[in-house]
Structure formats: C-alpha cells, structure tokens
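Report on the structure given below.
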Amino acid sequence: MKFKFIALLAFIALGISSCELSDDNQPQIQLVALGITDVEIPDPFLFGQDNDIVIRYNNPSSCHRFEGFQIQNNLNIYEVTVFANVLVDGASCEDNNLSTEQVLSFPGNTNGTLVFKFFTGLDAAGNQEFLEIEVDVVE
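For the sequence shown, position 23 matches number 616 in my numbering, and the numbering has no gaps at all.
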C-alpha cells in the first residue's frame, strides 16, 4: 500500500513538472496608442444623457485591431486615447493606413464646461500632442 502511494505521488510530480505554462505557438500581441485625426462632438452636451462622440483615427495595418479607449480625467479635463492590439511577430500584415471611426458614449453627468484632450500623437521631441475641445453641459 505504501509503495502504491509513493508511486502515485511520483507520477503526479512527474506530470506537474512536465507542464509548460508558456505557449510559443501563441501570437505575440502588443498594445499601442493610435493618433486621433478627427472628432465629431456634440456641443452642448445634454445633462443626464449619454452623448456620442465620433472619433476618427488612422489604422496603420491589417494587424491592428481596435481595443478601446483610455480616458484619464482630472476634475473637468478628460484625456482620450485610442488603443489597438497589434500582432508583432510572425504575421503578414498589410500597411493600409485606413481612416477608421469608433463611437465613444460619454455621460453628461456634471454641469459646467468639460475640456476634452484627444491624443493625436507625438511630436519630434517625443512629447504628447492633443486636439483640445471645450464642451458645455446643459440641462
């Protein structure tokens, strides 16, 4: 009985040690920020309602897939960035630089003026550049 128990433990230990957690066959994906080229924003925003903002950006290649928006705020200032997933190795991608648009539904849940700063890219010195738009929220 004791021998069977030790054999079972050895078998389980062998099984666990042979498992590899990484899978080299999985594609490598990187998250990248894309520069916004144009924005259609309602002015004014309606208080208590979702306000749709149409955001346009250039999709650099067929390997870039829209991931979502990152919104950082400080009081009434909102920085909006478009993020995409991109396959970084082993993929054949077509450079297309297609203009693409997504809709950001933004709640008008505060009165006053909101300042939106839409990330457009980096300048030659590597500093972030923004398209800045002020919008009033009315009842």
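Beta carbons: idealized from backbone N, C-alpha and C, even for Gly.
Beta-carbon spacing of residue i, residue j below 8 Å
| i | j | result |
| --- | --- | --- |
| residue 731 | residue 637 | yes |
| residue 733 | residue 622 | Coverage of the chain is limited to positions 594 through 732, which leaves residue 733 absent and any answer about it impossible. |
| residue 649 | residue 722 | no |
| residue 711 | residue 632 | yes |
| residue 675 | residue 629 | yes |
| residue 696 | residue 647 | yes |
| residue 701 | residue 639 | yes |
| residue 624 | residue 651 | no |
| residue 707 | residue 669 | yes |
| residue 659 | residue 673 | no |
Residue i, buried or exposed, once every other Cβ within 10 Å from all chains shown has been counted against 16
| i | result |
| --- | --- |
| residue 681 | exposed |
| residue 743 | Missing from the structure shown is residue 743; the chain here goes from 594 to 732 and no further. |
| residue 656 | buried |
| residue 704 | exposed |
The beta strand (DSSP E) enclosing residue i, as first and last residue numbers
| i | result |
| --- | --- |
| residue 727 | 721-731 |
| residue 701 | Careful: residue 701 lies outside any beta strand (DSSP E) and carries neither H nor E. |
Which ranges would you report for the beta strand (DSSP E) in the segment 608-692 if only whole runs of at least 3 residues count?
622-627, 629-633, 643-654, 657-667, 670-680
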